[in-house]
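**Student:** For the sequence shown, counting from 1, position 152 maps to 151 in numbering that gives the first Met the number 0; every step adds exactly one. First the structure, then my questions, so here it is.
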Amino acid sequence: MAEIQFHPDLIEELHAAQHVVVLTGAGTSAESGVPTFREAQTGLWAKYNPEELATPQAFRRNPKLVWDWYTWRRELVAQAQPNPGHYALAELETLVPNLTLITQNVDSLHQRAGSHNVIELHGNISRIVCSKERRVVDTWPDTGDVPRCPHCNAPLRPDVVWFGENLPQEAIYLAYKVSGDCDLFLCVGTSALVHPAASLPVAAIQNDIMTVEVNPNTTPLTPHADFHLQGPSGQVLPALVEALKQFRNRHSG
Ligand code: BJW
Numbered sequence: 000m001a002e003i004q005f006h007p008d009l010i011e012e013l014h015a016a017q018h019v020v021v022l023t024g025a026g027t028s029a030e031s032g033v034p035t036f037r038e039a040q041t042g043l044w045a046k047y048n049p050e051e052l053a054t055p056q057a058f059r060r061n062p063k064l065v066w067d068w069y070t071w072r073r074e075l076v077a078q079a080q081p082n083p084g085h086y087a088l089a090e091l092e093t094l095v096p097n098l099t100l101i102t103q104n105v106d107s108l109h110q111r112a113g114s115h116n117v118i119e120l121h122g123n124i125s126r127i128v129c130s131k132e133r134r135v136v137d138t139w140p141d142t143g144d145v146p147r148c149p150h151c152n153a154p155l156r157p158d159v160v161w162f163g164e165n166l167p168q169e170a171i172y173l174a175y176k177v178s179g180d181c182d183l184f185l186c187v188g189t190s191a192l193v194h195p196a197a198s199l200p201v202a203a204i205q206n207d208i209m210t211v212e213v214n215p216n217t218t219p220l221t222p223h224a225d226f227h228l229q230g231p232s233g234q235v236l237p238a239l240v241e242a243l244k245q246f247r248n249r250h251s252g
């Protein structure tokens, strides 16, 4: 790929920003081999629509199907490695005074790349909880059926947020607070379709905060963002961090 050029205003704003907020979605992990939500699934799961599996109704109707899908994804995510986009965001955290990374992803790849200040909006796929009392369960017998809670016998489920369920209260409260109160908002690899996450860049825009989108495709956010950096985050983000470092080298001393 040819060298990526950034608008000088963007690099200057990034350099001056005291608080950067980043919202990430499934596209950020695409280059780690984790399929995004809205692209067609392949192999065993090709005939299922993820939006129809990630619901409490699907789990009630067919708990085994949903459990097996999450088991497959949990194992896929455990084998995946962070990509250059994850590492660039972890490095950016060390280059700006304050960076809050809000993720819709459930794969822990940001944390594994070294990001510290991470808000998980949609939970974490590696955590298993009781579907009734939300108690975390660390081990369960592999019987081939949906395992049950050792305390109340309710089926176990992944600790993720399905459609129609509320997001963790503290996480969404903090996410709104920082989104409307930062100096620069970066929206990476999300289709910006799922609320309330998709409302976070809107809060930034309404408060006249510079908003930058990184995505190979356009989204409903694109016409409203100050900059649309078109390309895969695994290429755009390392280049952006490099441009910031070069700017600082040129302007130091
Ligand atoms: C690349 C790339 C590369 C590719 N580099 N980029 C207001 C208006 C309308 C509806 C609602 C509303 N408020 C609430 C709702 C209902 C609903 C909703 O938003 N529905 C929409 C579909 C319209 N929201 C909810 O139900 C939420 N709960 C809630 O609000 O409770 C209160 C309430 C309920 C009901 C009514 C009203 C209020 C809960 C949402 C939970 C979402 N959960 C999931 C599953 C998580 C667990 C799991 O992983 O299994 O979260 S669904 C799925 O979507 C997952 C994702 O986090 C989320 C967002 O998807 P994301 O990350 O954007 O991925 P994709 O696949 O959509 O896009 C990938 C992008 O990457 C694309 O743009 C590519 O171009 C790009 N890309 N390669 C960079 N290399």
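All residues carry an ideal CB built from backbone N, CA and C; glycine is no exception.
(1) Report the CB separation of G233 from E30 in whole angstroms; it is logged as a contact under 8 Å.
(2) So the candidates are L192, G32, A203; which of them puts its Cα closest to the Cα of L108?
(3) In its own chain, which residues sit with a C-beta less than 6 Å from the C-beta of P62, not counting the 5 before and 5 after it?
(4) At a cut-off of 7 Å, is V193 close to the ligand BJW when judged by its beta-carbon and the heavy atoms of the ligand?
(5) Nearest to S28 by CA position, among H85, L173, L13, H194, is which residue?
(6) Measure the C-alpha to C-alpha separation of L236 and N152 and round it to an integer number of angstroms.
(7) Is the distance from the Cβ of A224 to the Cβ of V95 below 8 Å?
(8) Between the beta-carbon of F5 and the beta-carbon of A242, is there less than 8 Å?
(9) Is the segment 105-124 touching the segment 168-182 in the sense that three or more CB pairs, one from each, lie closer than 8 Å?
(10) Would you say the beta carbon of A119 is closer than 7 Å to some non-hydrogen atom of the ligand BJW?
(11) Over what stretch of residues does the alpha helix (DSSP H) that includes H18 continue unbroken?
(12) Please indicate yes or no: does the CB of L155 lie closer than 7 Å to some heavy atom of the ligand BJW?
(13) First and last residue of the beta strand (DSSP E) that includes T297?
(14) Tell me C129's beta-bridge partners as DSSP assigns them.
**Tutor:** Let's see:
(1) Here residue 233 corresponds to residue number 234 of the sequence shown, with the count starting at 1. Here residue 30 corresponds to residue number 31 of the sequence shown, with the count starting at 1. About 4 Å; that satisfies the 8 Å criterion.
(2) Start at 1 with the first residue of the sequence shown, and residue 108 comes out as number 109. It is G32 whose Cα lies nearest to the Cα of L108.
(3) Translated into the one-based positions of the sequence shown, residue 62 becomes position 63. So the list reads V145, P154, once near-sequence residues are dropped.
(4) Translated into positions along the sequence shown, residue 193 becomes position 194. V193: yes, Cβ under 7 Å from the ligand BJW.
(5) Counting from 1 along the sequence shown, the entry for residue 28 is found at position 29. Looking from the CA of S28, the closest CA among H85, L173, L13, H194 belongs to H85.
(6) Within the sequence shown, residue 236 is the residue found at index 237, counting from 1. Within the sequence shown, residue 152 is the residue found at index 153, counting from 1. Their backbone Cα atoms lie some 46 Å apart in a straight line.
(7) Along the sequence shown, one-based indexing puts residue 224 at 225. Along the sequence shown, one-based indexing puts residue 95 at 96. Cβ atoms of A224 and V95: not closer than 8 Å.
(8) Along the sequence shown, one-based indexing puts residue 5 at 6. Along the sequence shown, one-based indexing puts residue 242 at 243. Yes, they are a contact pair.
(9) yes
(10) In the sequence shown, residue 119 corresponds to position 120, counting from 1. Looking at the sequence shown, residue 119 is not Ala but Glu. Not so, every heavy atom of the ligand BJW lies at least 7 Å from the Cβ.
(11) As a working mapping, residue 18 is identified with position 19 in the sequence shown. No alpha helix (DSSP H) contains H18, which is instead part of the beta strand (DSSP E) from 18-23.
(12) By one-based count along the sequence shown, residue 155 stands at place 156. Not so, every heavy atom of the ligand BJW lies at least 7 Å from the Cβ.
(13) Only positions 0 to 252 of the chain appear in this structure, which leaves residue 297 out of reach.
(14) The sequence position of residue 129 within the sequence shown is 130, counting from 1. Looking at the DSSP assignment, C129 forms a beta bridge with L155.
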